[in-house]
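> Got a structure for you, written out below as structure tokens; questions coming shortly.
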Amino acid sequence: MNKNSSNTMALAPNTSNKRETVCIFGTGDFGRALGHKMIQSGYPVVYGSRSTQISNLIPKDAEVLGHAEAAQKAAIIIIAIQRQHYNFLTPLAEVLHGKVLVDISNNLKLNQYPESNAEYLAQLLPGSKVVKAFNTVSAWALQSGTLDASRQVFVCGDDVEAKQMVMNIVRALGLTPLDKGSLLAAQEIENYPLQLFPMWRFPMFLSLGLTAFFFFYCVALDIIYTYIYEHNDFSFFIAITIPNRVCPVMALVLLALVYVPGIFAAIIQLYRGTKYRRFPDWLDKWMLCRKQLGLIALAFASLHVVFTLVTPLRAFASWRTGKGIISQALNNKTEPLDHTKAWLSDSYLALGILGFFLFVLLGITSLPSVSNNVNWREFRFVQSKLGYMALILCTAHTLVYGGKWFLSPSAYKWYLPNIYILSLIVPCAVLVVKFVLIFPCVDKPLTEIRQGWERNPKYSE
Amino acid sequence: MNKNSSNTMALAPNTSNKRETVCIFGTGDFGRALGHKMIQSGYPVVYGSRSTQISNLIPKDAEVLGHAEAAQKAAIIIIAIQRQHYNFLTPLAEVLHGKVLVDISNNLKLNQYPESNAEYLAQLLPGSKVVKAFNTVSAWALQSGTLDASRQVFVCGDDVEAKQMVMNIVRALGLTPLDKGSLLAAQEIENYPLQLFPMWRFPMFLSLGLTAFFFFYCVALDIIYTYIYEHNDFSFFIAITIPNRVCPVMALVLLALVYVPGIFAAIIQLYRGTKYRRFPDWLDKWMLCRKQLGLIALAFASLHVVFTLVTPLRAFASWRTGKGIISQALNNKTEPLDHTKAWLSDSYLALGILGFFLFVLLGITSLPSVSNNVNWREFRFVQSKLGYMALILCTAHTLVYGGKWFLSPSAYKWYLPNIYILSLIVPCAVLVVKFVLIFPCVDKPLTEIRQGWERNPKYSE
Amino acid sequence: MNKNSSNTMALAPNTSNKRETVCIFGTGDFGRALGHKMIQSGYPVVYGSRSTQISNLIPKDAEVLGHAEAAQKAAIIIIAIQRQHYNFLTPLAEVLHGKVLVDISNNLKLNQYPESNAEYLAQLLPGSKVVKAFNTVSAWALQSGTLDASRQVFVCGDDVEAKQMVMNIVRALGLTPLDKGSLLAAQEIENYPLQLFPMWRFPMFLSLGLTAFFFFYCVALDIIYTYIYEHNDFSFFIAITIPNRVCPVMALVLLALVYVPGIFAAIIQLYRGTKYRRFPDWLDKWMLCRKQLGLIALAFASLHVVFTLVTPLRAFASWRTGKGIISQALNNKTEPLDHTKAWLSDSYLALGILGFFLFVLLGITSLPSVSNNVNWREFRFVQSKLGYMALILCTAHTLVYGGKWFLSPSAYKWYLPNIYILSLIVPCAVLVVKFVLIFPCVDKPLTEIRQGWERNPKYSE
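Chains as they are written, first to last, in the working numbering: chain A, 1 to 461; chain B, 1 to 461; chain C, 1 to 461.
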């Protein structure tokens, strides 16, 4: 083994147990916050600034010098200035040659510039080793010391040693560096902090829209209709009864929508006879947000469960129970147990419980730490087998519960169907098509296509 | 610092911001899928193929050449061919000398060959740098872009730089590389995608078997016996009543089975007087699946909780409540509150709730991301202290609930004990033995043995 | 690319597929356990010992030699001896020159020595490459093979190659190495296994104290007062009724306490006119345990939910329901539905369900694997927006439920307020102050201060 090279690679030569000086260009908010934190962690910090007058803003133990002098004092220079001022660094190219420059900048918009800030810096100063880091950390978090969110700092750069030096500083500040590879990853790292749940946006809007629709549909049929035609004021249904009608409908519809793109994909592949063509864009996007749709469906299902379980605690429910029992008592008779009713009530409860149980299992396996611990075979087993099982159980639960409504005229107030009936359209359609797709005469060609077979291999010419 | 060596280590020399060409040997399904994905990510791809005729199957922007010409164009060659054809690479040894060869192959069975495919490749071409990667990713997932499962790609290899190059490609494809060390890890990585929940198999079969046994036992005693001797048809008990009898029994028995191997281990160590001998194989296996047993027990306990909470919603329950109240009303009297009954009912409910609460805490700490954040002392505190506390509370819950059944002759239909009584055998035995083991006269020698003391240190000769 | 250097960097030269010999100094418990495990994993192990007489304690396949001879046989030497005996290594400095020394020692107390054991070892033997590792693994776990806790092994060291060699061994033993950077991290790694939930200590004691206070307060008012003045024995309330009064109070108070430090911080910053001064220590500590406070609050809220849901199953509840219905039946009348009561009961149930739902979402985002997958913007959105929403909903739930108690004299037994009233003080105060803080005239200067503006920039001089 080449002992010499390994010695030169020793990143923190701490025979003296002292940290190396770090230079920070720029005395803005983030530069000061980072300097504070570094001084707390034992690093000597020197600021590079145009004027050394504004030094009173700067942490007490830091030195403030001109840019060139400051840069000479340290091997690592943190560039805490904005991209539009990077060109002022070009005259310093000679001083910065061979130094590690840490680009910590963020943009205001996604993909604001053609190349990432770090790559732009590397082009301006080809003699320096540019490392992208720290842009995902907030100055406020550094300052207040309350890093209860992600402690991950994404680091990328072309020079492995420079990256190691920066990662050591990251670790010394109590953060966790995550190596994202070469500087090509800088664009992605710069876009990262600008996102606000990008994958959740469409599923959120879709479910908000559907929820509003179903809610007002129910309000119209259950409260307004009853008030107009039966002169009963059931306005308090808004609090629990109607949410508990909307939640299961949303849960079932969204769960079914998770499985629709897979079915579309299968049909498209069967039709095209190949898997080597991209799906239409809308299908791609739909496929990518299936996990989010499923989790929102799970949230609705959980709300449905809790709303259902509190039923006996409601004043309305105990009034209704009491009324039923008193009317029997006043008539001096006890009704015998209705076995059909007992079977139906127990069946849909049991189906619902099992469906919800599988649904929760699916939710747990979608936790990042759990899904990282299963391989593809296991993941597909859980997601397709268990997922379809949950869909079947939940659809059956709804059918058994709401089945009697299909033929009852009271379910068609204002000639509109009850929402139970509406909610069953998508899941039943999905299950029927899926049932067709698992027939051997359809499944066999599909499997072959997915293993790379092509009906008409000339398409790509 | 040795700047020269650090410059030569720059892995992705992207002054030109362009990705290096990647060569793929083999135009099978996975080779094409990977090529598609790489072209999408900006890599020039060149295929090495026996015949350049079948080029119409291949992604449009890829070049197709003979093996030798293709290999010369790239520093990284992905070997997308099957192990049994590896020997055709030996004539190319000279061209492949110094190149990075990425072995992406999988086998059909666990440990199919004496050495891993990657090690076999390294033996065939000792001049090349073999890296194992990508075998855990499915072609279908690469193709459809829906990588919602694990994005982890296990990478191993003896050459650090070659591994870095491959890991950069992995990152560029939007996947997360995980360095598993030297090529010795290839066997494990090749076995990984072939497994389907290996640790869950035995606990699953055990609990399915026990569930079936308890279910039919209950059907016999609660439905068939009642039908024959009391002429009551309670067949609808199959949906909720009986599952809600089986679930708590399964939960309690499985939770107790989690603690049995620890007790056996302590007894074996006390008997042998040393910890430096392996446990019997069955005990080792049992110990390794304790987590899975515990999680299945938690699933049964959760089902029991939900099944119990829906009780007031059942038609049968409201019929029974009404019947009781009407019979009181018809007799013109109100029964006073039975304080013993109130105490018993509230006690077993409270014990059950607290036991379930601790059980859920145990389940949460077994999530990979949580257990990675606790140290050994904390983990053992949670698993042994909280675990035994949960077992004690759940056993007490069952005892208080079912205690009255022990002496009642109606609990012994057909001279068979009620399943409450059966379910208490294992947990009570575990708690009694554990109680003996924590006596100082037993605990002291056990602790010494676990700290390395040996009664008869000559055993190993 | 410099192929030569890359070849010399090949860490596990396994053309021969054999593992390199590892030397272990010290034949204590951990040394033996580690040796056993390494032999199982295919490493030849040689022990360095003062006397080769005690060889019968040592794994059968290991060799035992004097320290110097043993050290010469291996490139990696594991120092399984205690820190106080490290100085006996100084005479071996020449033999150990250039070797990788793995410090696996732990201390008995936090920060027992001024420098970490590994740094002390590096000072004693400056020619060797010291790597800290394995100290977080328990000998018992290595021995019994049941590594169901964290498989993470923290590794740190100044020499990258040496660290890689140790990390390869860690991986070969089936554990996961985690690079913590240079040897400066050794202190932290040595302190790690000595901690028992350090961040949980204060929140736990606080909530235990508050729970005890509220519990006895309720026992006094609900059981003792009722027994003395109304001669009713409600002692069974201890099991469910009183816990279900204490749990929601604790959940609400602790949830409010999570948001108190943020409000104090805002007031302090507004008063000081700068963010560049540290908060008082008590505030810093409070801020750091907010997550733990929130999770304990969630635990209390969950218990409250389950305690509430089992209400209809309690003997007391069914007795009370029956009593009410029978008294109506005996009076030959059915009470009409009280719409106000129906509205109130449904409202507080719905508010509670939604508040609990948001609370659970907050809990899920605090799982390490989930919070690692969100960026700062997303984390702050969830924690502040959703968190305050949950606090508002839960406070409203309590107000609607307990509002009637404020004016009722029966709520002031012994002139003491009911705990509902007590529980509302902190959350209402928090919400009122927060409401003031979001007024533009207060929010604008605060935002500016947090972006780095200072009212009196001379403070630091």
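All C-beta atoms, glycine included, are put in the ideal place defined by N, C-alpha and C.
Give me whichever residues DSSP pairs with Thr176 (chain A) in a beta bridge.
BP columns for Thr176 (chain A) point to A:Gln152.
> Could you say if the stretch 353-360 of chain B and the stretch 349-364 of chain C meet the contact criterion of at least three C-beta pairs nearer than 8 Å?
Because the criterion of three Cβ pairs below 8 Å is not met, the stretch 353-360 of chain B and the stretch 349-364 of chain C do not touch.
> Are Ala132 (chain B) and Cys156 (chain B) closer than 7 Å when you measure CB to CB?
This sequence places Lys at residue 132 (chain B); Ala is not what is there. In contact: Lys132 (chain B) and Cys156 (chain B) (Cβ atoms closer than 7 Å).
> Counting only Cβ pairs nearer than 7 Å, list the residues of chain B close to Ala329 (chain C).
The answer, in chain order, is Ala329.
> Do Pro59 (chain A) and His85 (chain A) have their C-beta atoms within less than 7 Å of each other?
Not closer than 7 Å, so no.
> One question on the structure: do Val45 (chain C) and Ile39 (chain C) come within less than 7 Å of each other, judged by their Cβ atoms?
Going by C-beta atoms, Val45 (chain C) is nearer than 7 Å to Ile39 (chain C).
> Determine the burial state of Met9 (chain B): buried for a count of at least 16 other Cβ atoms within 10 Å of its Cβ, exposed for fewer.
Reliability fails at Met9 (chain B), whose pLDDT of 34 lies under 50, so the model's placement of it is uncertain and the value that follows must be treated cautiously. Buried: at least 16 other Cβ atoms inside 10 Å.
> Would you say Thr340 (chain C) faces chain B, with C-beta separation under 7 Å as the test?
No, Thr340 (chain C) does not count as interfacial toward chain B.
> Using C-beta distances below 8 Å, list every residue in its chain close to Ala350 (chain A), excluding the 5 sequence neighbours before and after it, in chain order.
Closer than 8 Å at Cβ, skipping near neighbours: no residue.
> Taking the runs of the alpha helix (DSSP H) that are 4 residues or longer, which of them lie wholly in the stretch 400-459 of chain B?
Segments of the alpha helix (DSSP H) lying fully in the stretch 400-459 of chain B: 419-423, 425-437 and 440-450.
> So, do the stretch 320-334 of chain B and the stretch 381-397 of chain B have three or more beta carbon pairs nearer to each other than 8 Å?
Judged by Cβ distances under 8 Å, the stretch 320-334 of chain B makes no contact with the stretch 381-397 of chain B, as fewer than three pairs qualify.
> So if I threshold CB-CB distances at 7 Å, which residues from the stretch 174-193 of chain A count as touching chain B?
Listed by position, the residues of the stretch 174-193 of chain A near chain B (Cβ gap below 7 Å) are Lys180, Gly181, Ser182, Leu183, Leu184 and Ala185.
> Look up Lys291 (chain B) in the DSSP assignment and say whether it is helix, strand or coil.
If DSSP states are grouped into helix, strand and coil, Lys291 (chain B) belongs with the helices.
> Phe279 (chain C) by DSSP, collapsed to three states: which one?
DSSP places Phe279 (chain C) in coil when its eight states are reduced to three.
> The beta strand (DSSP E) spanning Glu115 (chain A) covers which residue range?
No beta strand (DSSP E) contains Glu115 (chain A), which DSSP labels as neither H nor E.
> Going along the stretch 104-123 of chain B in order, which residues come within less than 8 Å of chain A, judged by CB to CB distance?
Correct list: empty, as no residue qualifies.
> For Pro312 (chain A), decide whether its Cβ has a neighbour in chain B, counting only Cβ atoms nearer than 7 Å.
Yes, Pro312 (chain A) lies at the interface with chain B (some Cβ there is under 7 Å from its Cβ).
> Residue range of the beta strand (DSSP E) that Phe25 (chain A) falls in?
Per DSSP, Phe25 (chain A) belongs to the beta strand (DSSP E) from Val22 to Phe25.
> With burial defined as no fewer than 16 other Cβ atoms inside 10 Å of the residue's Cβ, what is the status of Val436 (chain A): buried or exposed?
By the neighbour-count rule (16 or more Cβ atoms within 10 Å), Val436 (chain A) is not buried but exposed.
> State buried or exposed for Pro312 (chain A), treating a residue as buried only when at least 16 other CB atoms are found within 10 Å of its CB.
Buried: at least 16 other Cβ atoms inside 10 Å.
> Is DSSP giving Ile296 (chain B) helix, strand or coil here?
Of the three classes helix, strand and coil, the one that applies to Ile296 (chain B) here is helix, per DSSP.
> Residues in its own chain within less than 6 Å of Thr15 (chain C) by CB, not counting five upstream and five downstream?
No answer about Thr15 (chain C) holds up, because its pLDDT of 37 lies below 50 and its placement is not dependable.
> Quickly, what does DSSP pair Gly157 (chain C) with across the bridge? List them, please.
Gly157 (chain C) pairs with C:Val131.
> Quick check on Leu349 (chain C) - is its C-beta less than 7 Å from some C-beta in chain A?
At least one chain A Cβ lies under 7 Å of Leu349 (chain C).
> Between the C-alpha atoms of Ala172 (chain A) and Lys180 (chain C), what's the straight-line distance to the nearest angstrom?
About 9 Å.
> Please compile the residues from chain A whose C-beta is within a distance smaller than 8 Å of the C-beta of Lys323 (chain B).
Thr334, listed in chain order.
> Whole-angstrom Cβ separation of Leu416 (chain C) and Leu221 (chain C), contact assumed at under 8 Å?
Confirmed, about 6 Å.
> Spell out whether any CB of chain A is found under 7 Å from the CB atom of Asn466 (chain C).
This structure cannot settle anything about residue 466 (chain C), because the visible part of chain C is limited to 1 through 461.
> Could you tell me whether any Cβ in chain C is nearer than 7 Å to the Cβ of Thr27 (chain A)?
Chain C contact via Cβ: absent.
> Val306 (chain B) versus chain A: which residues are under 7 Å apart at the beta carbon?
Residues of chain A passing the Cβ test: Ile353.
> Show which residues of chain A have a CB atom less than 9 Å away from the CB atom of Phe381 (chain C).
Ordered by position in chain A, the residues that pass the 9 Å Cβ test against Phe381 (chain C) are Leu196 and Phe197.
> Could you give the distance in angstroms between the alpha-carbon of Ser5 (chain A) and the alpha-carbon of Ser369 (chain C)?
Any answer about Ser5 (chain A) is weak, because its pLDDT of 35 lies below 50 and its placement is not dependable; what the coordinates show is given next. Rounded to the nearest angstrom, the two C-alpha atoms are 37 Å apart.
> Would you list the one or two residues that DSSP bridges to Glu63 (chain B)?
Answer is B:Val46, bridged to Glu63 (chain B).
> Counting only Cβ-Cβ distances shorter than 9 Å, please list the residues of the stretch 355-375 of chain A near chain B, keeping chain order.
Result list: Phe356, Phe357, Val360, Leu361, Ile364, Ser366, Leu367, Pro368, Ser369, Val370, Ser371, Asn372, Asn373, Val374 and Asn375.
> Going by alpha carbons, who is nearest to Ser366 (chain A) out of A:Ile421, A:Cys23, A:Val426 and A:Ile296?
Taking only the C-alpha atoms, the option nearest Ser366 (chain A) is A:Ile296.
> For Arg83 (chain A), count neighbouring Cβ atoms within 10 angstroms of its own Cβ and tell me buried if that reaches 16, exposed if not.
Buried.
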